[in-house]
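S.K.: Last residue of the sequence shown: number 144 in the numbering used here, and the count goes up by one each step with no gaps. Quick reminder that beta carbons are idealized off the backbone N, C-alpha and C, glycines included.
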Amino acid sequence: MMDRAALRQLVEDFIPFNKVLGIRLVTCDPGRVELEIPWRDELIGDPLKPAIHGGVISALADVAGGMAVWSALENPVQRVSTIDLRVDYLRPGRLESLFAEGHVLRVGRSVGVVDVRVFHASASGETVATAKGVYAIKTPRVKG
Numbered sequence: 001m002m003d004r005a006a007l008r009q010l011v012e013d014f015i016p017f018n019k020v021l022g023i024r025l026v027t028c029d030p031g032r033v034e035l036e037i038p039w040r041d042e043l044i045g046d047p048l049k050p051a052i053h054g055g056v057i058s059a060l061a062d063v064a065g066g067m068a069v070w071s072a073l074e075n076p077v078q079r080v081s082t083i084d085l086r087v088d089y090l091r092p093g094r095l096e097s098l099f100a101e102g103h104v105l106r107v108g109r110s111v112g113v114v115d116v117r118v119f120h121a122s123a124s125g126e127t128v129a130t131a132k133g134v135y136a137i138k139t140p141r142v143k144g
């Protein structure tokens with residue numbers, strides 16, 4: 001399984017888009033991760049409501065799904081990429097930090113399936129969005 005320090009570095013430092021969003025690893029166990037996007041005004045999608053942009057919510061769900069799969073892999077050099085992501089928005093995102101918990105339903109040789117729940121810490125029982133992600137798992141070929 002990928003170790004926590006390597007997963008943290010992957011989430012927070014290696015992927016430029018995650019750095020733009022400010023995504024942080026909160027907790028990690030094999031097949032389960034919790035991520036956070038700390039609140040900042042640039043995340044507002046509708047200034048009249050105001051509410052967090054839906055793209056921010058779906059991006060956090062996608063990253064949580066992919067990282068949950070990665071946390072369950074035995075070979076840390078394997079690559080994970082999104083095949084399909086379905087997001088159901090249940091309520092507006094508040095003007096506060098956003099969290100996503102992803103847990104693996106199944107990981108096979110070439111595909112992983114994850115359920116994700118997006119929420120705020122101040123109301124952890126109120127789900128902002130749910131997602132189901134399907135991720136390709138690829139092992140780099142060794143040239144020789």
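Report the CB separation of L73 from L98 in whole angstroms; it is logged as a contact under 8 angstroms.
M.R.: Walking along the sequence shown from the start, residue 73 turns up at place 73. Walking along the sequence shown from the start, residue 98 turns up at place 98. Not a contact, Cβ separation roughly 26 angstroms.
S.K.: Looking at the unbroken alpha helix (DSSP H) that takes in S71, where does it start and where does it end?
M.R.: Here residue 71 corresponds to residue number 71 of the sequence shown, with the count starting at 1. Run containing S71: G54 to A72, per the alpha helix (DSSP H) assignment.
S.K.: Would you decide whether E34 is buried or exposed? Buried here means 16 or more other CB atoms lie within 10 Å of its CB.
M.R.: As a working mapping, residue 34 is identified with position 34 in the sequence shown. When all chains shown are included, E34 counts as buried.
S.K.: With H, G and I counted as helix, E and B as strand and the rest as coil, what does DSSP make of V11?
M.R.: In the sequence shown, counting from the first residue as 1, residue 11 sits at position 11. Note: V11 maps to helix in three-state DSSP.
S.K.: Determine the contact status of I137 and V80, defining contact as a CB-CB distance below 8 angstroms.
M.R.: For the purposes of this step, residue 137 is taken as residue 137 along the sequence shown, with counting starting at 1. For the purposes of this step, residue 80 is taken as residue 80 along the sequence shown, with counting starting at 1. Their beta carbons are under 8 angstroms apart, which means I137 touches V80 by this criterion.
S.K.: CB G108 to CB I52, shorter than 8 angstroms?
M.R.: For this step, residue 108 is matched to residue 108 along the sequence shown. For this step, residue 52 is matched to residue 52 along the sequence shown. No, Cβ-Cβ distance for G108 and I52 is not below 8 angstroms.
S.K.: How would you call L121, buried or exposed, if buried means at least 16 neighbouring beta carbons within 10 angstroms?
M.R.: Here residue 121 refers to the residue found at position 121 when the sequence shown is read from its first residue. Looking at the sequence provided, one finds Ala at residue 121 rather than Leu. Its Cβ having fewer than 16 others within 10 Å, A121 is exposed.
S.K.: Kindly indicate which three-state DSSP category K138 falls into: helix, strand or coil?
M.R.: Position 138 of the sequence shown, counted from the start, is the residue given in the question as residue 138. K138 falls in the strand class under three-state DSSP.
S.K.: Would you kindly work out how many angstroms separate the C-alpha atoms of V111 and S71, rounded to a whole number?
M.R.: The sequence position of residue 111 within the sequence shown is 111, counting from 1. The sequence position of residue 71 within the sequence shown is 71, counting from 1. Cα to Cα, the separation comes out at about 14 angstroms.
S.K.: With which residues is F17 paired in a DSSP beta bridge?
M.R.: Taking the sequence shown and counting its residues from 1, the one referred to as residue 17 is at position 17. DSSP, once it has assigned bridges, lists no residue as partnering F17.
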